[in-house]
Each structure stands twice: as C-alpha cells, then as structure tokens.
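Read through the structure below, which is laid out as structure tokens, and then see the notes.
Residue numbers (this note's numbering): 245 to 580.
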C-alpha cells in the first residue's frame, strides 16, 4: 500500500501534526515535509474537507496564513463566521461578503465568482451539485420547480448503520440540498426530501421537474446530453438494451482510467422520463444518480483554478479533459 501511495503521489508533499506519527510514516517509507503550521505556511490554497462541525481550526489557520479557502458542502458558514468573530480573528468586510455569498457551482457562477475575487468559497455538496446540473440543463426549457426525494447513500464503510435493507431514515422535511441549489438558481423552486438509505451505490434522485408550457421528454434528454458532466443512459440504443447502471461503470473501469477513483460520470440520468400534463404545466418524472466521491471532483478543481484567476472561458473544458469527465449519451455519443 505504501509503495502504491508513493507511486501515485510522487511529488506530493505530506505533513503531520504529531511527531510520533511522523516517525511512523517515515519508517513506512513516506517522506514527511513538516508539521501543522508548516503545511499552512507552505500553502496558497486549502480545500477543507473535514466532517461537519470540524472545519473551524483549519479555516482559522488557513485564513491566518493568507490561504484561499474552499469549503465542501457540509460546512456551516454562519456558524464559522460567528466562531471566528468570537475568537477575535481579523475579518474584513470583503471576507464577510465571502461568508454570505451563494454556493459555488462552477458551471453556472464561475465568472461571477472570478469577478468577485473571493478568498473563501463553499462548493456545492455532491447532491446539491446533482440538483444544480439538472437545473442547469432544464432551465432553458422553462423549469419552474423541482420536487422529490434523494436516496442518500448511507452505507459507507465508516458509517454505522443497521444492516437491514429496511433500515431507512425518511427525511422529515425539505433538506438543505434544494435550499443550497436555490442560492444558485433563484428562479427555480426546490423542495427536496433527503432520505438515508443503507447502500453503497451512488445517491439516487427521484425528482419531478415542473415546466411552464409543454415540454417533451426528448427535449429534456437533449438538454441533459449537451450539459457538461451529465451522462444519459438510454434503455434502448440502436438495438441494444442498457438496463443496468453497472454496465456503464464496468465499461468505464476497463476502458478509461480516472485519477485514483474510477467513476467517470458525475450525474447519470435515465432517458426513461415520464411526462404528466397539468393545465399550463408539464411535469417530467425523472430518475438520476450522482457520485461525487471521485477524486478530483470537478467543482473542487474549479475552485482551485478560481483562486489562481484562471480564465472563465477555458476552465470547464480544461477540468473535464484533465480528469476525464464525460457528457452525452452512453455509449457512442460521449464527449469530454
């Protein structure tokens, strides 16, 4: 394992905050370049990916060392700002604005963030990113609302859950995912329940997308297919049937290598869309799944490029090409 880490991470500097740990890692053959403060002193950009409610010390240290801070979706910015204020940290008006800004979803608001020149951003979570990609694709067709349920993966090895397949925790009300997506797409009404399901498959969305006027499923499929980081899975494709998502995952595993993690898609959408007409509105019932545990995650990489002032007209194509993210219709109409 150490040999593999050293091979994959050649040139990557490693830091630990405990001398005993440093000695153990170095005994195992991993070079350690310094401690906790050394890490922040040597860094220009810090991606804070700790579990919820544990971000504060890293945000505090990063800001104190003039690092650009990129938060993952689970962070509580108001609570972080309050804690930093209580600790008498130096907080400028510009930094206060960063804590209050909408969620960073690069495909939609990269240019706006670039012009704002923030020092702290919060990326959308995996499920919020999935909703945002759906909204981005559907908005040109007159999307007014997105309603439904997310089966949140709650069966990772580190997560303690009941083994029974009936051990599901239904969301009590609308979750944060839709609310967060609503900061990016203010014209769309999101009401999304998030239920915890003891499975290790990607998060699965069962969503009703509401449109003003008449919209056909084929129109939505076309929009999905040309939206970055979205792959459409057709049930019937030129005489072939694609009934199982595992076909896509296994084919990509054997054919295309992504850095570290193999999931090539970021949002996988079925073309089995059910239309329902209500007066002047069309409801399209959709099912999709999102897997954003892949390393690296596109909008996390975009937040890094944002910190360096990377031009807006090149950022998305650069990121998708660099980490091999596809969009289009599986299997023959995909592009990067």
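Quick reminder that beta carbons are idealized off the backbone N, C-alpha and C, glycines included.
Here residue 546 has 350, 354, 559 and 563 as same chain residues with Cβ atoms under 7 Å from its own Cβ, once five neighbours each way along the sequence are excluded. The three-state secondary structure of residue 420, taken from DSSP, is helix.
When C-beta atoms of the stretch 383 to 397 are compared with those of the stretch 425 to 440, three or more pairs fall below 8 Å, so the two segments count as touching. Rounded to whole angstroms, residue 480 and residue 465 show a C-alpha spacing of 13 Å.
By the 16-neighbour rule on beta-carbons within 10 angstroms, residue 252 is exposed. As summarised for the stretch 514 to 563, the continuous alpha helix (DSSP H) elements at least 4 residues long and confined to that stretch are 542 to 551, given in chain order. Our two residues, residue 358 and residue 557, have alpha carbons roughly 11 Å apart in a direct line. Exclusion of the five residues before and after residue 315 leaves 292 and 366 as the residues of its chain whose Cβ lies within less than 6 Å of its Cβ.
Its Cα nearest to that of residue 412, the residue 396 stands out among 396, 283 and 249. Membership of residue 435 in the beta strand (DSSP E) is indicated by the continuous run 433 to 441.
Under the criterion of beta carbons closer than 8 Å, residue 363 and residue 376 do not qualify as touching, at roughly 23 Å. Its Cα nearest to that of residue 307, the residue 281 stands out among 574, 554 and 281. Assigned with DSSP and collapsed to three states, residue 456 falls in strand. Scanning 286, 285 and 318 for the CA closest to the CA of residue 300 turns up 318. Annotation for residue 429: 379 place their beta carbon closer than 6 Å to its own, counting only its chain and skipping 5 residues before and after. Judged by DSSP secondary structure, residue 287 falls outside any alpha helix (DSSP H); it is assigned neither H nor E. Within 10 angstroms of the beta-carbon of residue 484 lie fewer than 16 other beta-carbons, which makes it exposed.
Put simply, of 323, 512 and 284 the residue whose alpha carbon is nearest the alpha carbon of residue 305 is 284.
In summary, residue 469 is buried, with 16 or more beta-carbon neighbours lying within 10 Å of its beta-carbon over all protein chains present. Secondary structure note for residue 342: its alpha helix (DSSP H) is the uninterrupted segment 337 to 344. Annotation: residue 288 to residue 309 spans about 8 Å, alpha carbon to alpha carbon.
The alpha-carbon separation between residue 344 and residue 322 amounts to approximately 8 Å. Short of 7 Å from the beta carbon of residue 458, and not among the five residues preceding or following it, lie these beta carbons of its own chain, in chain order: 526. When rounded, the separation of the alpha-carbon atoms in residue 445 and residue 522 is 34 Å.
DSSP places residue 249 inside the alpha helix (DSSP H), whose first and last residues are 246 to 252.
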